[in-house]
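J.:
Protein chains in written order, with the working numbering: chain A, 69 to 215; chain B, 36 to 360; chain C, 2 to 341; chain D, 36 to 698.
(1) Could you list the residues in the stretch 250 to 261 of chain C with a C-beta less than 8 Å from some C-beta on chain D, going in chain order?
(2) Pull up the DSSP beta-bridge partners for residue 645/D, would you.
(3) For the stretch 257 to 288 of chain C, enumerate the residues whose C-beta is nearer than 7 Å to any C-beta of chain A, in chain order.
(4) Would you say residue 33/C and residue 49/C are within 8 Å of each other, going by their C-beta atoms?
(5) According to DSSP, what are the bridge partners of residue 33/C?
(6) Pull out every residue of the stretch 21 to 46 of chain C whose Cβ sits closer than 7 Å to any Cβ of chain B, in chain order.
(7) Candidates 206/C, 305/C, 282/C, 115/C: which alpha carbon is nearest residue 649/D's?
(8) How long is the line joining the alpha carbons of residue 138/C and residue 306/B, rounded to whole angstroms?
(9) Please list the partners that residue 647/D has in chain C, where partner means a Cβ-to-Cβ separation under 9 Å.
(10) Hey, quick one: how far does the alpha helix (DSSP H) through residue 228/C stretch, first residue to last?
(11) Can you find the residues in the same chain that come closer than 8 Å, C-beta to C-beta, to residue 19/C, ignoring five residues on each side of it along the sequence?
(12) Over what stretch of residues does the alpha helix (DSSP H) that includes residue 169/C continue unbroken?
(13) Relative to the C-alpha of residue 247/B, which residue among 68/C, 240/C, 279/C is closest?
(14) To which residues does DSSP link residue 266/C through a beta bridge?
(15) Quick check on DSSP: helix, strand or coil for residue 135/C?
(16) So who's on the other strand from residue 71/C, going by DSSP bridges?
(17) Quick one: what does DSSP say residue 227/B is sitting in, helix, strand or coil?
(18) Give me the chain D residues within the contact set of residue 211/A, using Cβ-Cβ distance strictly less than 7 Å, ordered along the chain.
(19) Rounded to the nearest angstrom, what separates residue 92/B and residue 134/B at their Cα positions?
(20) From what residue to what residue does the alpha helix (DSSP H) around residue 35/B run?
(21) Whose CA, out of 522/D, 328/D, 217/D, 180/D, lies closest to the CA of residue 358/D?
(22) From this set, 257/B, 138/B, 76/B, 160/B, which residue's C-alpha is nearest residue 145/B's C-alpha?
(23) To which residues does DSSP link residue 72/D through a beta bridge?
(24) Cutting at 8 Å between CB atoms, please list the residues of its own chain near residue 396/D, excluding the five before and the five after it.
(25) Just to confirm, is the Cβ distance from residue 78/D to residue 87/D under 8 Å?
(26) DSSP three-state call for residue 302/C: helix, strand or coil?
(27) Below 8 Å, how does it come out for the stretch 73 to 85 of chain B and the stretch 55 to 63 of chain B: are there three or more Cβ pairs, yes or no?
(28) Could you say which of 469/D, 116/D, 153/D, 679/D lies nearest to residue 617/D if we only look at CA atoms?
(29) Out of curiosity, what's the CA-to-CA distance linking residue 247/D and residue 344/D?
(30) Buried or exposed: where does residue 84/C fall if 16 or more other Cβ atoms within 10 Å of its Cβ makes it buried?
(31) According to the Cβ coordinates, are residue 555/D and residue 537/D closer than 8 Å?
(32) Run down chain B in chain order and give the residues with a C-beta less than 9 Å from the C-beta of residue 630/D.
(33) How many angstroms separate the CA atom of residue 220/B from the CA atom of residue 318/B?
(34) For residue 326/C, does the three-state DSSP call read helix, strand or coil?
(35) Does the stretch 174 to 188 of chain A touch the stretch 247 to 267 of chain B, meaning 3 or more C-beta pairs lie closer than 8 Å?
(36) Would residue 111/C be called buried (16 or more neighbouring beta carbons within 10 Å of its own) or exposed?
Listed below in C-alpha cells is the structure:
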C-alpha cells in the first residue's frame, strides 16, 4: 500500500530503536518496500530512550506526527526497555489527548528486525492518518513557521 | 488547636528534643500567613498561628531544614504528610533530623474564593466550625458557609489521615472517599476541540512565574531542566502557546507517579490556572491502567512510571477511551 | 470636567474604539483583565486587574529583531511592527504612577526605543478608586487613589462618569466623545473623593511609612540581620515581580527557529536563580541575596538614583499573590523595627 | 565549532540512481561547520576509505558525516577508518540514505530532498558529538559457579579445563544435586550415579576447582570482571579438612529419627550424616536441628568416637570473601510440593508418591535397596498409575505452573518401562494430556514403552484418587474413548512440575539479575544470548533458566563455560562507550534511574558538594558503572532533572536531529 500524497505534505518523525525497528526499516529498504518520504527516522538505542521532550520538540519544530517504534514486548534487546516506553508513552499520549491534541498524531508500534513489510505498512498507515488529521496546529510554535 | 501546638512545641524545645520549629507565622492583616522557623518560646507565643488560612504545605521546606544542624519540629497536615513521605521515598529528606507532629485538618479557606464572591476590604475574619464571618473596611459583616470558600483540594479532600508522624495532636483521620477525579472525567467526556479550547484558555494565562513549580513538594530538582541553559529546553518565559503547554505537560509528566495531589500548584497560581487537573489526569490514568497508587502513602511501592507489567495496555488505548473526536 | 451618564458608557467606549484600539478592564474567569473592547463588553466592578497594566508598554515578551544567514553573511531584520495609537481605560492611580517609574528607567538615556514607541502611541485614561482594599497602600507613596493622574482622569459617582483631560492626548480622546459629554462642576466627584479618602484612612496598611527607610544608611539596610528571617520561606518564584507594575528587569535571549534566530526580550525576575547569569555563574547565589536585591532595589537603590522615588506604587498585588505571603510591607516593617 | 567533512556514497547505482549525490554533497557543504564535502562511488571500498582518511588529515576534520547505507552495515568500517588516522571513531555519524531513502523512493527529486535532510540531521548531531573513549577494566581470572548439580559441575569442569580457577558454592553438604538422586537416565537407561559420580570426583580432584559445600552466597558486589562475593560457609560442626569420611559417627549417633532428605524422607538418617556414599566432599555434617549435643549440650557421642577428632561443636559460620571475573548461576530446581493437589490423595496415602520418590524406591541405594515395595505395607505393587502434568501447564497460576516442565513425559516413560521390565506382573497406566518427546531417541523410547513394554498410555486426566481398603481407587477419564475409568491401583505416581529453587529469588536480587514471573532467570536474549543473563558477567546454566533435561543442561553448562572462558581470557574488558552518565551537580538522588536500570549499573553515594550559595552539603548522587551499563537509556527518561544522559545519544544530540529534520 503506497499512500498518495496530495497537497498537504506532512512531516513525520519516527524514533526507531536500533535493534529491532531500525533494522526493520533497513529490511523494508532492502526489500524495496515503499513508504512516503515524509517519514524521517531518528535512530535511538531503545524505545525507552525516547523522552517525551523529544516528541514535543518535534511538534514544536513543525512535525505533524511522531511515531515511536521498538522491539515487540518481550523481545527488547535490553530486556525491559520497551515495557517502560509503553507506560511512558501511554501516559504522555493520554495527556496530549486530554489537552485536546488530535487523537492519532502520536503512535507507538512494535516492529521487529524481520518485519520490513510491517514497517512499511505501519508508516503508510501512519502517514495516511496524519494526512487525514491535517497540519499540526495545536502543538505548533509559530516562530518556527517563519521561513 | 493553635494553643495545643504552641504548648507542645514549647515543651519539645525546652526538653531539647528539637532546636527549632517549622510552622506558620502571622502577618500584617488577617490571612497573609508565612511559613516560618521558630527557635524560642517567645517567638512562638508572639507569631505562631494555626487557623483557617495556614494552608501552605510545609513539607518541602524540610528538604533544606533536615540537612541543618539539630532536629526540627514540623507540624504536618494530612496532605503535607503524604508529600513528606514521598520525599523520604526519594531520599530528599533526612528523616532522623525531623520530628513530625501530625495535626488533623478540616480544610483551609481560600481567600481567593472569598474575593470571587465579591468580598473585599477584609479587616477581620472570625471562624467557627462551619462558617466564616468577614468584617470589611466598608463596615460590612458577611457570613459565608466554610464549605463554600474552601480550597478545591479541601472540598475534594482525598485523605484526612496523617500518614507519617512521630506523634499526633488530636485525633488522626481516615482516608476519605472523594470526588476528586470528577472534574477530570468531565474534561475527558468533552470533545478534543472543547478540551483544546478549555486548556488554551487556561494555559494562555500562564505568566511563567514558576510559583507552581517552586511550591511543589515533588519538584525538588537541584536545577530544573527549564532553568538549565545546557538542557536544550530551558526557557524563561512562555513565548507562545506551545511553550505554555510544554512547560506544564513536562512538569506534570516529571511529577507523575510522584505527585501526591496536595494541590499547592493550584493554590499558589496567581492566574488561577487549575494546574491540579493536569496532575490528577496522570494519577487517574495510572490508577485505571496500572492499579491504584497513591504517591506518599508508603515508602516502598514502586511508582507506576518506573514499573511495568508484561501485559500492560498498549498506548493506543488512549485513542479508544473517553471523549471522542 | 465633563460628565456622561453611565447608561451611555457603551457609546462612550464604542466611539473611542472607532478611533483607536481601546482596552478596558473587564471580568474574565473570575478576575479582572484588560481586554480589547468589543461591543457590549462590561467594565469590571472589581477594584483592579489581576495583572498590572505594564504589559501595554513593556510586554512580557517582545521580539527585537531577527538574525538571518545569507550565504556567509549575517543579516539583521527589524521585526518591529508599526505601533498604532491605543487607549487604555480604567487604569487605577497606582498603576498610572507605575508608568512614571518605568519611564525613569526606559526613557532615561539611552532611551529604550521599543518602550518609547509604545508609550508615545498610548493614551492612559485613569479611573479613581471608590472601594480601596485591605492590600492597598498607595497612599504611602503619596498617590491619591481618589485623584488619579493619566492623560485623562475619570471618576464614577452617582450614576455618572466624570472625565477630565490632563494632556493633549487626553484632549484628543475627549474630542472622540465630545458629543456624549456635558460640562460638570465636579461637585459629585468631590463628594465621592471625600468618601474614598475616609476609606483609605481606615485601611489596615494606611499608616505604612516608607520614608523612614531613607533615614538609615544603605549598607546598614544591606547588612541587616533581618533578611535571613524575611527570605527564609521565599520560594524563589517570580510571582511578585511578574504581577508588579514597576518591576522592569528583562533578559535578552535567542530562539533558533531553524531558518533564523529571533532575538527577543522577556521579563526576568531577580528572584530566579539564573537571574543575571554570567559566564562565571551567578552574582547572587542564595535566595537571601536575591530576595534582598529585590527589596533593596525598590526601597533603597531606586530612590537613591531617582530623586527619592520608591520603586513601588502600593498596588498590593504582591501582597495578594505571593504564595507564602511575604511582601514589601513586611520587609519595610521589619527593617524599620531594626532601625528603631 | 567542529570542522565537518561530508562524504556522500553512490553505492554504485543503489543510491545514485534515486538520489542526486552531487547535489546532496553541494547542499550539505553549505551547512555551518562543513568544510569539506565529496561524493564517491563506493565509500566503503579501500579507495573510498582513503578519500575519507585523506580528507580528515588534509582538512583537519573533527567530525565526519557519511551519507551511505545503514549504519548497521558499515558504521564500524568508517569508524575504524577514522580511527586509523587519529580521529576519534565516535566522531563519525552515518546518514542512512540507502535503506531509508534511495531504496524506498522512486522519484529522484524526493529522494534527493530527503537525503539532504537526513544529511543535515547527521551534521547537527556531529556538531554535538564528543570524542568517546571506551573504558577498560581488568578481569579477575576466576569464576564462581553457584550450585553444584550437574550443571554447575559441568560448567566448573569446563572452565577449569581451560586453565582458570573456579569455585563451586553448593548449599547442601555435597555436590551432585538432583541427578545424584536419580536411578536411571532416559533415553539410554544408563545408571545416573555411574555417569555422575566420576564427574563429582573429577571436580573434587581438579586442582583449579575449589568446592565450598554447605555454603551460601551472602553478598555480591562489583560488576563484570570484578565481582566481589561474600560466601557464608555454614557451620557443619565437623572440621572439613580433618574428617576422613569414615562414617563411624553416622552409625553411632544416637539420634536416629531424622528424615533422610536424600531419600525424600522415606527413611531416616542420623543427626550427623553423610548424604550418600559417593558424596563429595565426603565429610560428615551435624544437623543442628536434631543434634542433642547442640540442642541440650548433653551427648557428644560422635566427638568421643571420632578417631581424628574432627568434631567441633563450637564451630561458627564463616564468611569467605573472594573476587571473581564471572559468575555462573546453576541453582537448579525442585519438584513442586503436590500438597495443593489434594485430589490425588498425596497427603492421605503413603502409596501416592512423587516421581522423585519413586526414583528413590527404584534405586539400589534407596530406602528399599532397589526393590519396588509399597511404602504403606512393604508389599509388591501390582497396579501402578502414573499421573502426568501434576502442576504443569496449569491455567490458574495459584495451583500450579503455567509452563511445561519438559522432563516429566520422558521420566514417566522411563519409570513405566523400568517397572514393566523388572516386574512384568505389574500393570502400568500412564495418564497424560500430551506426550511430548522432542529429543534425540526420545520418541523411539516412548514408543518402546508403549509397544514393547505394553504400558497403558491413556489420554486423560485423573480426577480423583481415593484410598480405600488398602487400594487406591483411581477415577479417570479416557478422552479418546470418551469413557470414565476406575482403576484399583496399588500405587499412584505423580509427575510433579519442576520449579526454580526457592533460593533463586534472593540470589537474583543480590546479583541484580532479572527473573521472569515464574522465578526462572531471564536470559540476555531469548534466542541469541540464551546462556547469559542481562547482567553482564552473570551466566546461566541448567534448570535455573527454564526446564530442561540432562543433555540440554550439560550442553548449556558447557556453553556457559565457553562464555565464561571467553570473558576470562581477556586481560581487560573494553566497554561500549555509549553509556549513561550522571551529572552529579544536577542529580537529586531520587533513585528513579536505579529502579529502571535492568543491569544494576547505577549506585548511590553521599558526596560532599559546595552548593551555589557557598555552603557545603552532603548530597546523595547517582553514579553509573560504565562497565555494567549497556546504554539503553531507560534511566535518562526516568530522570526528571536531566542529570542522567547518554553518551552518543545525548538529549541535545537527539533534539538537534529533531530540529534539523523539522527545519
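Just so you know, even glycine gets a beta-carbon here, dropped at the ideal spot from N, CA and C.
A quick note: this is a predicted structure, and the numbers were derived from the prediction, not measured.
T.: The relevant details are as follows:
(1) 257, 259, 260
(2) Position 610 of the fourth chain holds residue 645/D. Answer is 651/D, bridged to residue 645/D.
(3) 258, 259, 260, 261, 263
(4) Locating residue 33/C in the third chain gives position 32, counting from the first residue. Locating residue 49/C in the third chain gives position 48, counting from the first residue. In this structure, residue 49/C lies closer than 8 Å to residue 33/C by Cβ.
(5) Translated into the one-based positions of the third chain, residue 33/C becomes position 32. In the DSSP output, where bridge partners are listed per residue, residue 33/C has 28/C.
(6) 30, 31, 32
(7) For the purposes of this step, residue 649/D is taken as residue 614 along the fourth chain, with counting starting at 1. If we check each option's Cα against that of residue 649/D, 282/C comes out closest.
(8) Translated into the one-based positions of the third chain, residue 138/C becomes position 137. Translated into the one-based positions of the second chain, residue 306/B becomes position 271. Roughly 22 Å between the two C-alpha positions.
(9) Walking along the fourth chain from the start, residue 647/D turns up at place 612. In chain order: 274, 282, 283, 286, 287.
(10) Stepping through the third chain from its first residue, residue 228/C is reached at position 227. From DSSP, the alpha helix (DSSP H) with residue 228/C extends over 227 to 232.
(11) Residue 19/C sits at position 18 when you count from the first residue of the third chain. Same-chain partners within the cutoff: 177.
(12) As a first step, residue 169/C must be located in the third chain, where it is residue number 168. First-last of the alpha helix (DSSP H) with residue 169/C: 169 to 177.
(13) Here residue 247/B is taken as the residue at index 212 of the second chain, counted from 1. Out of 68/C, 240/C, 279/C, 240/C has the C-alpha closest to the C-alpha of residue 247/B.
(14) As a first step, residue 266/C must be located in the third chain, where it is residue number 265. Per DSSP, 63/C, 253/C.
(15) Here residue 135/C refers to the residue found at position 134 when the third chain is read from its first residue. If DSSP states are grouped into helix, strand and coil, residue 135/C belongs with coil.
(16) Start at 1 with the first residue of the third chain, and residue 71/C comes out as number 70. BP columns for residue 71/C point to 74/C.
(17) One-based indexing of the second chain puts residue 227/B at position 192. In the structure shown, residue 227/B sits in a helix (DSSP, three-state: H, G or I).
(18) By 1-based counting over the first chain, the position of residue 211/A is 143. Ordered by position in chain D, no residue passes the 7 Å Cβ test against residue 211/A, which lies about 13 Å from the chain.
(19) By 1-based counting over the second chain, the position of residue 92/B is 57. By 1-based counting over the second chain, the position of residue 134/B is 99. About 16 Å.
(20) Missing from the structure shown is residue 35/B; chain B here goes from 36 to 360 and no further.
(21) Your numbering for residue 358/D matches position 323 in the fourth chain. Out of 522/D, 328/D, 217/D, 180/D, 180/D has the C-alpha closest to the C-alpha of residue 358/D.
(22) Numbered from 1 along the second chain, position 110 holds the residue referred to as residue 145/B. For the residues 257/B, 138/B, 76/B, 160/B, the minimum Cα distance to residue 145/B belongs to 160/B.
(23) Stepping through the fourth chain from its first residue, residue 72/D is reached at position 37. Beta-bridge pairing links residue 72/D to 41/D.
(24) On the fourth chain, residue 396/D is found 361 positions in, with the first residue counted as 1. Hits under 8 Å: 301, 388, 402, 403, 407, 408, 410.
(25) Counting from one through the fourth chain, the residue named residue 78/D turns up at place 43. Counting from one through the fourth chain, the residue named residue 87/D turns up at place 52. Closer than 8 Å, so yes.
(26) Taking the third chain and counting its residues from 1, one reaches residue 302/C at position 301. Residue 302/C falls in the helix class under three-state DSSP.
(27) yes
(28) Along the fourth chain, read from residue 1 onward, the residue named residue 617/D stands at position 582. For the residues 469/D, 116/D, 153/D, 679/D, the minimum Cα distance to residue 617/D belongs to 679/D.
(29) As a working note, residue 247/D is residue 212 in the fourth chain. As a working note, residue 344/D is residue 309 in the fourth chain. Computed Cα separation, rounded: 22 Å.
(30) Here residue 84/C corresponds to residue number 83 of the third chain, with the count starting at 1. By the 10 Å Cβ count, residue 84/C comes out exposed.
(31) Taking the first residue of the fourth chain as position 1, residue 555/D is located at position 520. Taking the first residue of the fourth chain as position 1, residue 537/D is located at position 502. Cβ atoms of residue 555/D and residue 537/D: not closer than 8 Å.
(32) On the fourth chain, position 595 is the one that residue 630/D refers to. Neighbours of residue 630/D on chain B, chain order: 337, 338, 341, 342.
(33) For the purposes of this step, residue 220/B is taken as residue 185 along the second chain, with counting starting at 1. For the purposes of this step, residue 318/B is taken as residue 283 along the second chain, with counting starting at 1. Their Cα atoms are separated by approximately 12 Å.
(34) Against the third chain, residue 326/C aligns to sequence position 325. Reduced to three states, the DSSP call for residue 326/C is coil.
(35) no
(36) To locate residue 111/C, count along the third chain from 1; it is residue 110. Result: exposed.
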